[in-house]
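To start, the structure under review is shown below, and the notes come after it.
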Amino acid sequence: MAETANETRRKRSYDPEGTRRRLLDVAAEAFQSRSYQATGMHELMREAGVTGGALYHHFPTKKALGLAVIRDRVAAEVEETWIEPVRMAPDALEGIAGVFERIAAGLRRRGAVSGCPLNNLVLELSLADPEFRAAMEAVFGAWRAAIAARLRADQAAGRLAPADADELAAFVVAAYSGAMAQAKAQQDAAPLEASARQLMRCLEGLRTGA
């Protein structure tokens, strides 16, 4: 028997994974623009266009939603914005400089700075709950590890002088995070650009010329 139009619509509308993705997208945007604490579950339900049952099926608590945003959306953004570009660049230093340049150019185009999503949540939630803190440190850890791994590869290839790659990676992440906080406070990309110049002067001193 041919399926009716209503049955087809019901099948299409029943998309649990799509609903979960939509909730994460809406929540990530809300936490970035309004903060975690200032965002209510009813607001998210309305903005995502889902029922309360759908929301609480996927995320029984606001904390569960917040942790999922960190693990699924913030971690993915760090991967896309930082880890993959550094991994795919000709060398670590070019990759790091390129990330700073692209992000600063984007801030200039938008004319507004909402800040680093990870930084924003760290400042708001790191002292509020140990699970939030652990989830955010896991993202930071993956970020530092990826940069350190690329630095070690360049050292092994003779392109960079020996140095503690883990400490250098922490320095890069700290320079970016602090610069983004200042850029947000000033609503201007200038602190990010200034930090990038000084950071790259320090790192370029490690090049061996190989």
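With numbering that gives the first Met the number 0, the residue at position 193 of the sequence shown is 192, and numbering never jumps. By construction, the Cβ of each residue, glycine as well, lies at the ideal position given by its N, Cα and C atoms. Source: prediction; values computed, not measured.
If I measure Cβ to Cβ from residue i and keep anything under 6 angstroms in the same chain, skipping five residues before and after, which residues do I get?
i: L167; result: L150
i: G17; result: none
Checking the sheet assignment: what are the DSSP bridge partners for residue i?
i: L159; result: R206
Could you name the residues of the same chain whose beta carbon sits closer than 8 angstroms to that of residue i, not counting the 5 residues immediately before and after it, in chain order?
i: Q154; result: A160, P161, A162 and A164
i: A114; result: Inspection of the sequence shows that residue 114 is occupied by Gly rather than by Ala. Cβ neighbours of G114 beyond the five flanking positions: Q31, M179, A180, A182 and K183.
i: R206; result: L92, R158, L159 and A160
Output needed for residue i: all residues of its chain with C-beta closer than 7 angstroms, excluding positions within five of it in sequence on either side, in chain order.
i: A142; result: Residue identity differs from the one stated: residue 142 is Trp in this sequence, not Ala. The answer, listed in chain order, is V77, W81, I82 and V172.
i: A67; result: L23 and F58
i: A137; result: none
i: D90; result: D153 and R158
i: A145; result: I82, V85 and R86
i: N118; result: S176, M179 and A180
Could you please give the first and the last residue of the uninterrupted alpha helix (DSSP H) stretch that includes residue i?
i: P59; result: Segment: none, P59 is in no alpha helix (DSSP H) and carries neither H nor E.
i: V25; result: P15 to R33
i: L47; result: Before going on, a small fix: residue 47 reads as Ala here, not Leu. It spans M40 to A47 - the alpha helix (DSSP H) in which A47 sits, taken as one unbroken run.
| message | Give the list of continuous alpha helix (DSSP H) stretches no shorter than 4 residues that lie fully inside the stretch 61-141. | response | 61-67, 74-77, 83-87, 91-109 and 116-124
| Start-end ranges of the alpha helix (DSSP H) lying completely within the stretch 177-204, minimum 4 residues | 189-203
| Do the stretch 183-192 and the stretch 92-103 meet, that is, are 3 or more Cβ pairs less than 8 angstroms apart? | Flag = yes, the stretch 183-192 and the stretch 92-103 touch.
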